[in-house]
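In my numbering, the protein residues as written are 1 to 454.
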């Protein structure tokens, strides 16, 4: 990380085995590595025409741990044949988001539209969506008045309301790897990695709306406030294959390439919501009890895009190196399969709409990693930069990360430190068609690797 992660043509680095497995062939000894890590995330979120708000979150974990087993065949042009097993961190989901401000519209518009369609098609309150319109019905936010379905915003669905949302995400994606690599005649390095990623993601959120004036004389007569919470946990496991090659053009110049197959993930979502509604009528203010949804569970499959990487490195004798990686990935190639467990026409329709939406909203992107190292006797000093392409269609900007690092190398032990500061932007909306809040994220990662050679 200290050198920007640009190790695709260098190798001899455990974390890089998940990029280009051919780098495993560069190990000359067996090794044990472990990398404790700290992550800090600062998110500034702003609703259009509102004030910016910041929130922070930190997390401790392990970015990798594993072992490399080195063998040196005798009387063979294959100079090494190495095996590695371990765990590499692929994603860290820890983040906190908060914003508040005023905007037009309400989440109740979506709930009411669903309820109206349900009743119009001959359904009853038992058929209302239990995670949305059903909650609103049970708290009297949707009701019949003179045999006509109504809600408090019926005559003013675009009323200006105060709103706020807080979101906290947790979890990570770790990949267990089993890798094999060989060094042919100190020229050609080839390798393969079988990756088994484990996904553990959780989001907890609370969304609030209230009438700036409130009560009978507010922007929305009768309506006071509402609170809608969400909980989602996603767990799953997958499998992928990574193929890599490194070729030494000379002792100083190396080039590399790797290809990652799509990852086939089998995932399970567990989710629930709560809803509370407050209003005021001629008899005074009324606040409902908190209405709980049932706990929902959905099993599905996801196929992520393939990735391809080209790398080059210049090794300056024993004084250090300069290195660069360029990676291509088509984010629009993500594909959901909702029919794997419970085939149905409805699941097929939702799956088709979801995959079409992914194709429309996401694009191909290029990620660039550049880094270098200066060696001074046993000490190492590193720096790097990452340019990560924006996956959203029509967005040509890059999320940028800067990193620095230092280390010390001994005959049987080494210690490395790395720091990376990354910036990026995005958006968040509490419901379909809601006013969008923009996010600016600054994240910092601090890593320390301990390595033992044997």
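Just so it is clear, CB atoms sit at the ideal spot from N, CA and C, and this is done for glycine as well.
| Asked | Found |
| --- | --- |
| Identity of the residues DSSP links to residue 260 by a beta bridge | 242 and 307 |
| Close beta carbons around residue 224, own chain, < 7 Å, minus the five adjacent residues each side | 210, 211, 214, 215, 278, 279, 280 and 285 |
| From 170, 133 and 88, residue whose alpha carbon lies closest to that of residue 41 | 170 |
| Opening and closing residue of the beta strand (DSSP E) in which residue 71 lies | 53–71 |
| contact_flag[the stretch 173–180, the stretch 90–105] where n(CB pairs < 8 Å) is 3 or more | yes |
| Unbroken beta strand (DSSP E) run spanning residue 134, endpoints | First-last for residue 134: 133–138, but that is the alpha helix (DSSP H), not the beta strand (DSSP E). |
| Same chain, Cβ closer than 8 Å to residue 359, neighbours up to 5 away in sequence not counted | 332 |
| Residue 172 - DSSP class collapsed to helix/strand/coil | strand |
| Between the CA atoms of residue 337 and residue 267 - distance to the nearest angstrom | 10 Å |
| With 16 other Cβ atoms within 10 Å as the buried cut-off, status of residue 13 | buried |
| Candidates 361, 406 and 349, of which the one nearest residue 377 by Cα | 406 |
| Residue 254 (DSSP reduced to helix, strand or coil) | strand |
| N- and C-terminal bounds of the beta strand (DSSP E) containing residue 198 | 188–210 |
| Length of the line joining the Cα atoms of residue 23 and residue 311 | 12 Å |
| Short Cβ contact (8 Å threshold) for residue 179 with residue 19 | no |
| Rounded C-alpha distance that separates residue 395 from residue 184 | 43 Å |
| Residue(s) in a DSSP beta bridge with residue 472 | In this structure the chain extends from 1 to 454, so residue 472 is not present and cannot be described. |
| Cut-off 6 Å between Cβ atoms - residues of its own chain near residue 416, not counting five sequence neighbours on either side | 407 and 449 |
| Segments of 4+ residues assigned as alpha helix (DSSP H) that fall wholly inside the stretch 383–447 | none |
| Completely contained alpha helix (DSSP H) runs for the stretch 338–368, where each covers 4 or more residues | 345–361 |
| Bridge partner(s) assigned by DSSP for residue 380 | 375 and 407 |
| Limits of the beta strand (DSSP E) - the one that residue 119 falls within | No beta strand (DSSP E) contains residue 119, which is instead part of the alpha helix (DSSP H) from 107–120. |
| Delimiting residues of the beta strand (DSSP E) encompassing residue 37 | 31–47 |
| Per-residue burial, residue 410 [other beta carbons within 10 Å of its own, 16 or more giving buried] | exposed |
| Contact under 8 Å by Cβ, residue 25 with residue 255 | no |
| For residue 177, three-class secondary structure by DSSP | strand |
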